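S.K.: Sharing a structure with you now.
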Amino acid sequence: MQTVTSRPKGVVNPAAAGKAFRLERYLPPPDLAPFVEYFWLVAWQLPDGVVHVQRTLPSPCIHLVFDAGRTAVFGVMTGAFEYTLKDSGRILGVRFLPGAFRSFLKQPVQSATNRELPLSALFDCDDAEAERSVLAAADDAGMVETASAILRRALPAPDPQTARIAQILEAVQQHPDITQVRQLADHAGIGVRSLQMLFKEYVGATPKWVIRRNRLLDAADQLAHGSDVDLAALAQALGYYDQAHFTTDFEKLVGKPPADYRRSCKEQA
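Structure follows, in structure tokens:
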């Protein structure tokens, strides 16, 4: 299997996380590539009595997660997510391309925002059996292969809007000067209202949320990897009126103010 080589964003305190669990990301087979961005796998084996609480920052993607007792489809989550690791275990996730899950859901993706859906509501499978078969696979490749077979049971026709969504979101990522919805709409060549409706139908989050979340993920990534960035300048670059508002949003999402987060990441490195 081909692995994803880019640095993952959204894992809070990646240095500490790397000591607690193994994170792998695998590209999908060709027939699933129009729908799936990648498969991700987390595996851990902690000593008795040791507990690791991992905080993860959300992105505008829907995930199918195979996790013992918690297997489900997770819509876009607008808040940070914490998971407690203890003993040993492994989880396989399927990260769908933004916009691609609309074809599976057959209704506006916003209807699944901040919700968990059973696999059986969307795929031709028994929830418990699907969970067992994936988690019982012998290795990473077996887990991905088994999950892929489940997806193929309900594989829809690719939607051309997925490519359009991808282009719009790539603009958000590649142009940090885009901090307002109007700027993004102009870049996409459509009106603000049309952009908002497109995101409601296909993304599951508003354009404003997506822009702001991408900027905060960029900030967290820079600080986690030791970037000695000026926080006031960073706040301004992200489109905040002042550093105080940036600090408030960052702490709400990450759990610590920017300066404290940067310091804690350096201590764990």
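All residue numbers for the sequence shown refer to this note's numbering, where the first residue is 187 and numbers rise by one.
Ideal Cβ placement from N, Cα and C applies to all residues, glycine included.
Please read these numbers as outputs of a predicted model, since none were measured by experiment.
Using a Cβ-Cβ cutoff of less than 7 Å, which residues in the same chain neighbour Gln347 once the five nearest sequence positions on both sides are dropped?
M.R.: Cβ within range, chain order: Gly285, Tyr388.
S.K.: For Thr270, which residues does DSSP report across the bridge?
M.R.: DSSP output for Thr270 lists Val239 as bridge partner(s).
S.K.: Would DSSP call Leu278 helix, strand or coil?
M.R.: Correct three-state label for Leu278: strand.
S.K.: Which residues in the same chain as Asp435 place their Cβ atom closer than 8 Å to its Cβ, once the five residues preceding and following it in sequence are excluded?
M.R.: For Asp435, where only same-chain residues beyond five positions count, the Cβ hits under 8 Å are Arg398, Leu402, Tyr426.
S.K.: Would you check if the region 188–196 and the region 302–312 touch, i.e. whether three or more CB-CB distances between them fall below 8 Å?
M.R.: The region 302–312 is not in contact with the region 188–196.
S.K.: Pick helix, strand or coil for Thr332, following the three-state DSSP scheme.
M.R.: Looking at Thr332 - three-state DSSP - the assignment turns out to be helix.
S.K.: Helix, strand or coil: which one does DSSP assign to Phe432?
M.R.: Helix.
S.K.: What distance in whole Å lies between the Cβ atoms of Phe207 and Val280, which are believed to be in contact at a cut-off of 8 Å?
M.R.: About 18 Å; that fails the 8 Å criterion.
S.K.: Suppose the cutoff is 6 Å on Cβ atoms and the five residues either side in sequence are ignored; what does the same chain contact list for Ala316 look like?
M.R.: Same-chain partners within the cutoff: Leu305, Ile336.
S.K.: Would you please verify whether the beta carbon of Ala327 is less than 7 Å from any beta carbon of chain D?
M.R.: Of the protein chains in this structure there is only one, and it is not chain D.
S.K.: How about Leu308 and Phe290: are their beta carbons less than 7 Å apart?
M.R.: Yes, these two residues count as a Cβ contact at 7 Å.
S.K.: Quick check on Arg256: does DSSP put it in helix, strand or coil?
M.R.: DSSP places Arg256 in coil when its eight states are reduced to three.
S.K.: By how many angstroms is the C-alpha of Pro393 removed from the C-alpha of Gln382?
M.R.: When rounded, the distance between both Cα atoms is 6 Å.
S.K.: Starting from the N-terminal side, write out each stretch of the alpha helix (DSSP H) that is 4 residues or longer and does not extend beyond the region 348–429.
M.R.: Here the runs fully enclosed are 367–374, 378–388, 393–410, 417–423.
S.K.: Just the Cα atoms here: how many angstroms apart are Leu213 and Gly375?
M.R.: Taking the straight line joining both Cα atoms gives about 31 Å.
S.K.: So, for Ile364: in the same chain, excluding its five sequence neighbours on each side, which residues have a beta-carbon less than 7 Å away from its beta-carbon?
M.R.: Answer for Ile364: Ala357, Val358, Leu370, His373, Ile397, listed in chain order.
S.K.: So, with DSSP's three-state summary, where would you put Gln182?
M.R.: A query on residue 182 cannot be resolved here, the shown segment of the chain reaching from 187 to 455 and no further.
S.K.: Between the alpha carbons of Val197 and Asp313, how many angstroms are there, rounded?
M.R.: C-alpha separation (whole angstroms): 28 Å.
S.K.: From this set, Lys205, Ala229, Pro244, which residue's C-alpha is nearest Gln454's C-alpha?
M.R.: Looking at the Cα atoms, Lys205 is the closest of the given residues.
S.K.: In its own chain, which residues sit with a C-beta less than 7 Å from the C-beta of Asn400, not counting the 5 before and 5 after it?
M.R.: Taken in chain order, the residues that qualify are Val358, Gln359.
S.K.: Expressed to the nearest angstrom, what Euclidean distance is found between the alpha-carbon atoms of Val295 and Lys195?
M.R.: Their Cα atoms are separated by approximately 23 Å.
S.K.: If you compare alpha carbons, which of Phe287, Asp446, Leu439 is closest to Thr264?
M.R.: The shortest C-alpha separation from Thr264 is found at Leu439.
S.K.: Based on Cα-Cα distance, which residue from Ala202, Pro215, Asn199 lies nearest to Arg338?
M.R.: Closest by alpha carbon: Pro215.
S.K.: Nearest-angstrom Cα distance between Leu250 and Gly261?
M.R.: Cα to Cα, the separation comes out at about 9 Å.
S.K.: For Tyr447, which residues from the same chain have a beta carbon less than 6 Å from its beta carbon, with the 5 sequence-adjacent residues on both sides left out?
M.R.: Result list for Tyr447: Leu409, Val440, in chain order.
S.K.: Taking DSSP as the reference, what is the three-state secondary structure of Arg318?
M.R.: If DSSP states are grouped into helix, strand and coil, Arg318 belongs with the helices.
S.K.: Arg448 lies in the beta strand (DSSP E); which residues open and close that run?
M.R.: Unbroken run through Arg448 is the alpha helix (DSSP H), 444–454; no beta strand (DSSP E).
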